[in-house]
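Taking the numbering used here, the leading residue of the sequence shown gets 56, the next gets one more, and so forth.
Positions of the beta carbon are idealized from the N, C-alpha and C atoms, including for glycine.
Every value quoted in this text rests on a predicted model; they were computed, and no experiment measured them.
Step one of this worksheet: look at the structure below.
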Amino acid sequence: MSPTPDTAANDDAPRLAPELLYLLERLPRERWDTQAAHGTAGVWRAMHESLRHGQHQLQTLGQRWLDKDLDWVGFRRLALPLLDAHLGHLHGHHRLEDQHYFPAMRRAEPRLAAGFDLLARDHETIDAAVRQLHGLRHELTHVNPAEAAAWGCAHALVREASVCGTLLLRHLADEEDLVIPLLALREGGQHAA
Ligand SMILES: [Fe+2]
Ligand SMILES: [Fe+2]
């Protein structure tokens, strides 16, 4: 299935309509370090930074493989724990959002419904990329390093990690534009709506 326009990895156009950004206008990013540094907003931002870090580590390893800075065995030795940590972290974070935080935020800010619909579609798209990576992780574990398939598996893994990264980074940024002002304004005692 081809991705919908708002989830296409190569589309840099803004995806959140201006009418969804009324909270961001009240609390723009340049004020987050002082006004969204604590409470759930602060934890949320730290969680996203941790996801960005995990993704960066994975893609840095991928670049080392492409640069031939590692042999295949070395790539596998480093890739498996990175994949396990990052994919597990990502999956757990999305489930918590889908099952707990986003339903509560939809109730709190009904005007943001279209934004949360977009985030939910992102989760499905990213989950599909994560499933691909899980499959390649399994293949990487069991493939015979002496066979050509081992090299193909490593290349496919690096390629899929990059696809996942493009989707993930855009998702995190859009999600923050909706969620961080909502949390920080409410926790600061100001009604978001
Ligand atoms: Fe998310
Ligand atoms: Fe998130």
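If we call anything under 7 Å between Cβ atoms a contact, is L82 one with A239?
yes
Whole angstroms is fine: what's the gap from D232's alpha carbon to L121's?
34 Å
Apply the 10 Å Cβ neighbour rule to V234 and answer buried if 16 or more other Cβ atoms are within range, or exposed otherwise.
buried
Expected contact under 8 Å - CB spacing of A216 and L188 to nearest Å:
7 Å
Under the rule that 16 or more other beta-carbon atoms within 10 Å means buried, what is Q110, buried or exposed?
buried
Got a sec: does ligand 2 put a non-hydrogen atom nearer than 6 Å to the Cβ of E179?
no
Based on Cα-Cα distance, which residue from R132, E85, P69 and H108 lies nearest to T196?
R132
Element boundaries [alpha helix (DSSP H), containing A92]:
Taken as a continuous stretch (DSSP letters only), A92 belongs to no alpha helix (DSSP H), as it is neither H nor E.
Write down the C-beta distance between A211 and L191 rounded to the nearest angstrom, noting that I regard them as a contact closer than 8 Å.
6 Å
Going by other Cβ atoms of all chains shown within 10 Å of its Cβ, with 16 needed for buried, is M56 buried or exposed?
For M56, the pLDDT reaches just 37, beneath the cut-off of 50, and the residue's location in the model is therefore unreliable, although a value from the coordinates is still provided. Exposed, by the Cβ-count rule.
Taking its Cβ as the centre, do 16 or more other Cβ atoms sit within 10 Å of E152, making it buried, or is it exposed?
buried
Distance, Cα to Cα, L138 vs T95?
27 Å
Would you mind working out which of A68, D229 and L75 sits nearest E164, comparing C-alpha positions?
L75
On the criterion of 16 or more Cβ atoms from any shown chain inside 10 Å, does D67 qualify as buried, or is it exposed?
exposed
Would the C-beta of E230 count as close to ligand 2, meaning under 6 Å from any of its heavy atoms?
yes
Ligand 1 heavy atoms versus the CB of E152: any closer than 6 Å?
yes
Kindly list the residues whose CB is nearer than 8 Å to the CB of I181, restricted to its own chain and excluding five residues on each side of it in sequence; keep chain order.
L145, H149, C219, L222, L223 and H226
Should H103 be labelled buried (16 or more other beta-carbon atoms within 10 Å of its own) or exposed?
buried
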